[in-house]
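Chains as they are written, first to last, in the numbering used here: chain A, 178 to 405; chain B, 3 to 233; chain C, 11 to 140; chain D, 2 to 112.
For glycine and all other residues, C-beta sits at the position ideal for the given N, C-alpha and C.
Predicted model, so just to flag it, every value in this text is computed and none were measured.
To start, the structure itself, in structure tokens.
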Amino acid sequence: MNRRYTLIRNVVFVWMTLMILGAFLLNIPRINILEHTARNLYFHVPMWFTMMAAVLVSAWYSARHLKTGSVESDIRALQSARVATLFGVLGLATGILWSRFTWYVGTDVWWNFDPRQTMAAVQLLIYGAYFVLRSSFDEPVRRGRIAAVYNLFAMITVPFLLYILPRQRASLHPGADGNPAFDEITAPVMRLVFYPAVLGFIGLFWVLYTQRVRMAHIKNRLTSNPEL
Amino acid sequence: MPGFPTAMAMWIHGARAVLMKELRMEWRSRHAINLLFMFVLSSLLLVVFALGTGQIEPPLQAALLWIVIVFSAAVGLGRSFLAEEEQGTLLLLQVNVPGSQVLAGKLAFNLVLIMAVMSVTVVAFMGLMGMRIVHAGLLLATLGLGSVGLAGATTLLGALIAKASARGPLLPVLLFPMLSPLFLSVVRATQEALTEGATWSGSATDLTALVGFAGVVNTAAFLLFEYVWTD
Amino acid sequence: MNTKKIVGFLLIIGFSSLLLLNFGNQVGGYMNFEEAESAGASAHVVGMWVEPETFRYNAADNIFSFRMRDDAGNVRTVHYANPKPANFEDAEQVVIEGKPGSDGVFVADNIIVKCPSKYNDQRALQQTGL
Amino acid sequence: MTTPVRSFRPPTFPILLALLMAAITLAPATMAQDAPKREGIATGFDSIWTGANIPTQEATGLERIMLSDDKILVVLGVVLIIWFGIIGFLLRNDRRIGQLERELENHRSDF
Chain A
178 MNRRYTLIRN VVFVWMTLMI LGAFLLNIPR INILEHTARN LYFHVPMWFT
228 MMAAVLVSAW YSARHLKTGS VESDIRALQS ARVATLFGVL GLATGILWSR
278 FTWYVGTDVW WNFDPRQTMA AVQLLIYGAY FVLRSSFDEP VRRGRIAAVY
328 NLFAMITVPF LLYILPRQRA SLHPGADGNP AFDEITAPVM RLVFYPAVLG
378 FIGLFWVLYT QRVRMAHIKN RLTSNPEL
Chain B
3 MPGFPTAMAM WIHGARAVLM KELRMEWRSR HAINLLFMFV LSSLLLVVFA
53 LGTGQIEPPL QAALLWIVIV FSAAVGLGRS FLAEEEQGTL LLLQVNVPGS
103 QVLAGKLAFN LVLIMAVMSV TVVAFMGLMG MRIVHAGLLL ATLGLGSVGL
153 AGATTLLGAL IAKASARGPL LPVLLFPMLS PLFLSVVRAT QEALTEGATW
203 SGSATDLTAL VGFAGVVNTA AFLLFEYVWT D
Chain C
11 MNTKKIVGFL LIIGFSSLLL LNFGNQVGGY MNFEEAESAG ASAHVVGMWV
61 EPETFRYNAA DNIFSFRMRD DAGNVRTVHY ANPKPANFED AEQVVIEGKP
111 GSDGVFVADN IIVKCPSKYN DQRALQQTGL
Chain D
2 MTTPVRSFRP PTFPILLALL MAAITLAPAT MAQDAPKREG IATGFDSIWT
52 GANIPTQEAT GLERIMLSDD KILVVLGVVL IIWFGIIGFL LRNDRRIGQL
102 ERELENHRSD F
């Protein structure tokens, strides 16, 4: 077992535990409508930071794979995409719950196509298509190459969504038109937990992703097919 | 080593040869164009049946127009690389023509097909659904820019799925998430072109976004195509 | 890195930055009262309830009504066939979904209270001594 | 050489999910009765408007539970969603590892 991996894993676990304790025990300013749910800042928002990090890792390794053709890069791109999907789904689910009992109290609205929701849904669809594409190839070399091309091609269009969607619908998220940006509104005590939470979740991503990469390596050794 | 102008002329020559070959093949069988016409007409018929003949608002017209166009593109446009693969002419093409020229030729051919589909759809919408064009220039610009973006995306993805061993309806699955930014801008600009008091400046942001999308998608297609082609 | 790739990346960055150009388009899905009235169809209107003319609730008819000013400054009475939405008086903005009704009254099917998405609050900060 | 006979393994994740769903659907019945509005520290900034004569929309069902105790249950829900997501991921990993172990077994028997 790799030393560095074990060390980082243990640090991440302790770190996350402390973060969760801080998230629930520290006193935060109370605001109408949000009340205690302001604490979701520590859990919901890092999901997106983590997904973005995972998406970048995946795109990076797709580019590496096109350049070098190494199986290693392909494995990393795929597993990173898998963990990105996990965090994306969790981000969507937590967001639905949070918004239902703050913004949409009394309206029975669970999903309102807020621009960020739509963005996340499209990103998940892109990865859904990526996995479907992979599953329709028999030959590993060709599969890796084509999937990498699709991953990069689709990724390039995502910034467009980011800019075009807010022109279509207003968002209730902080930082969107008229709403105060994150900087102006977050109390210092919340930053004390928020930044460590982002780091912790990215660390958790790294642990899960590394586990999957190791498993894919073993699979590749046994069957010359890294697909898990 | 030929100079730049000569190289450019040779490149265009190659791309044009591929385009002409595609057009000639299409002219012989008329397979794709018939397929697309039938698809547009039958989907329009369904829309009319579903909505009745009452007056439909411009926002809905714009959305329906682009749904029909995008779906028919997803159905009919992925074929050109597939046909090479099936007829076994791929190797011949690979040996004789460099990748970027092949892509340029196929892209131009797909562009022609999409524009044909668009004109049929628009005319049919005007006839069957009482669509009224207020700002023809804006509509033309939107359709033109939209078709360039659409052609870039479908051509590269068509080349991708031609390599797959289990295809099925793979193209729409890959295409639609990618096209969502294009779709948003294009529907909004079309909506503007169909409503009273439409101006160029009202859609300026959408049109620049479309230029950006078309440019990015086509550049990326040319960058990535060599990895698909030299397989 | 060959020239072709560098040119490609520069092109992609150039085309993407076209997005930063914004010619003052407003958010598309929303209208003001006048636009909604001329369209006559269901619309989203963003605005703020007018402070002095307070909202009232008629329990017998189950109608909650208030005066609302949209972004363009038009003021209309809004009827909503439900009790007062929670958080209503904290709203910085209100988004109503509905249709213009008869005699200048706007009938809302749905009210979404656009609240200050704040994680911080001056008042509360002073109280907790931060 | 015979491959080891797989004993029946219950599908862990779906069962957990079903239990969770059952808990969520049953919870309102049991929890709704004893959820009195506590005078918490946050009451001064509460979302319940104290200006009186206009009734707020009566919170019903799920909302009644989730909005109680200054909405702390929403945070609980969010944390649980993340926790179960990660559990699900780990369980799937476990299953994959099981498959790999069996494959390794098969490889050994080839020699």
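Less than 8 angstroms between the C-beta atoms of residue i and residue j, yes or no?
i: B:A85; j: B:G154; result: no
i: B:V150; j: B:L113; result: yes
i: B:S203; j: B:A191; result: no
i: A:L405; j: D:R97; result: yes
i: B:V20; j: B:G107; result: yes
i: B:L210; j: C:L28; result: The residue you asked about is not Leu; residue 210 of chain B is Thr in the sequence shown. Closer than 8 angstroms, so yes.
i: B:A64; j: B:L152; result: no
i: B:A118; j: B:I35; result: yes
i: A:Y219; j: A:A324; result: no
i: C:G114; j: C:T87; result: yes
i: A:L211; j: A:T279; result: yes
i: A:L329; j: A:A258; result: no
i: C:V105; j: C:M58; result: no
i: B:A200; j: B:L142; result: no
i: A:V141; j: A:L381; result: Residue 141 of chain A lies beyond the stretch modelled for chain A, which goes from 178 to 405, so this question has no answer here.
Count the other CB atoms, across all protein chains shown, that sit within 10 Å of the CB of residue i; report buried if there are 16 or more and exposed otherwise.
i: D:W84; result: exposed
i: C:N68; result: exposed
i: D:D71; result: buried
i: C:F116; result: buried
i: B:D208; result: buried
i: A:Q256; result: buried
i: C:K14; result: exposed
i: A:P275; result: Checking the sequence, you will find Trp at residue 275 of chain A rather than Pro. A:W275 comes out buried.
i: C:L20; result: exposed
i: B:Q57; result: exposed
i: B:T91; result: exposed
i: A:N217; result: buried
i: A:K396; result: buried
i: B:T221; result: buried
i: B:H15; result: exposed
i: B:G78; result: buried
i: D:F46; result: Model confidence at D:F46 stands at a pLDDT of 31, short of 50, so the residue's coordinates are unreliable; what they give is reported in the following sentence. So D:F46 counts as buried.
i: B:M116; result: Before going on, a small fix: residue 116 of chain B reads as Ile here, not Met. Burial call: buried.
i: C:K94; result: buried
i: B:L226; result: buried
i: A:D315; result: exposed
i: C:D71; result: exposed
i: D:E106; result: exposed
i: A:W287; result: exposed
Quick one: list the residues of chain F neighbouring residue i, beta-carbon separation under 8 angstroms, in chain order.
i: D:L68; result: Checking the listed chains, one finds no chain F in this structure; the protein chains it contains are A, B, C and D.
Using a Cβ cut-off of 7 angstroms, pull out every chain B residue sitting near residue i, in sequence order please.
i: C:S75; result: Within 7 angstroms Cβ-Cβ: nothing; C:S75 doesn't reach chain B, min ~28 angstroms.
i: A:D315; result: S167
i: C:G83; result: Within 7 angstroms Cβ-Cβ: nothing; C:G83 doesn't reach chain B, min ~21 angstroms.
List the residues of chain A that residue i touches, going by C-beta distances under 9 angstroms, in chain order.
i: C:L29; result: P336, F337, L339, Y340, I341
i: C:I106; result: Per Cβ cutoff of 9 angstroms: no residues; C:I106 is ~11 angstroms from chain A at best.
i: D:D71; result: R207, E212, H213, T214
Residues of chain D with CB under 8 angstroms from residue i, in chain order?
i: A:A270; result: I82, G86
i: A:N217; result: V75, V76, V79
Please list the partners that residue i has in chain C, where partner means a Cβ-to-Cβ separation under 9 angstroms.
i: A:I333; result: I22, S26
In chain A, which residues lie less than 7 angstroms from residue i when you measure between Cβ atoms?
i: D:L105; result: L399
i: D:R1; result: Shown here, chain D extends from 2 to 112; a query on residue 1 of chain D therefore has no answer.
Which residues in chain D sit within 9 angstroms of residue i, going by Cβ to Cβ distance?
i: A:R253; result: Near A:R253 there are no residues of chain D at all, since even the closest Cβ is about 16 angstroms away, more than 9 angstroms.
Determine the chain B residues that contact residue i at a beta-carbon separation under 9 angstroms, and present them in chain order.
i: C:K15; result: L225
i: A:A306; result: L172, V175, L176, L177, F178, P179, M180
i: A:L243; result: L226, Y229
Using a C-beta to C-beta distance shorter than 8 angstroms, which residues of chain B count as neighbours of residue i?
i: A:L406; result: There is simply no residue 406 of chain A to check, as chain A begins at 178 and stops at 405 in what is shown.
So which residues on chain A does residue i lean against when the C-beta distance must stay under 8 angstroms?
i: D:L101; result: M392, I395, K396, L399
i: B:A211; result: F337, Y340, I341
For the stretch 330-337 of chain A and the stretch 177-184 of chain B, state whether three or more C-beta atom pairs, one from each stretch, are separated by less than 8 angstroms. yes
Spell out a yes or no on whether the stretch 237-252 of chain A and the stretch 263-279 of chain A are touching, meaning 3 or more CB-CB pairs, one atom from each, closer than 8 angstroms. no
So does the stretch 17-35 of chain B actually touch the stretch 110-128 of chain B, counting three or more Cβ pairs closer than 8 angstroms? yes
When the Cβ atoms of the stretch 192-200 of chain B are set against those of the stretch 130-149 of chain B, are three or more pairs found closer than 8 angstroms? yes
If you pair each beta-carbon of the stretch 215-230 of chain A with each one of the stretch 87-95 of chain D, do three or more pairs fall below 8 angstroms? no
Does the stretch 93-102 of chain B touch the stretch 140-148 of chain B, meaning 3 or more C-beta pairs lie closer than 8 angstroms? no
Complete runs of the alpha helix (DSSP H) confined to the stretch 290-350 of chain A [at least 4 residues]: 292-312, 317-345
Which runs of the alpha helix (DSSP H), 4 residues or longer, sit entirely within the stretch 30-89 of chain B? 33-53, 60-78, 81-89
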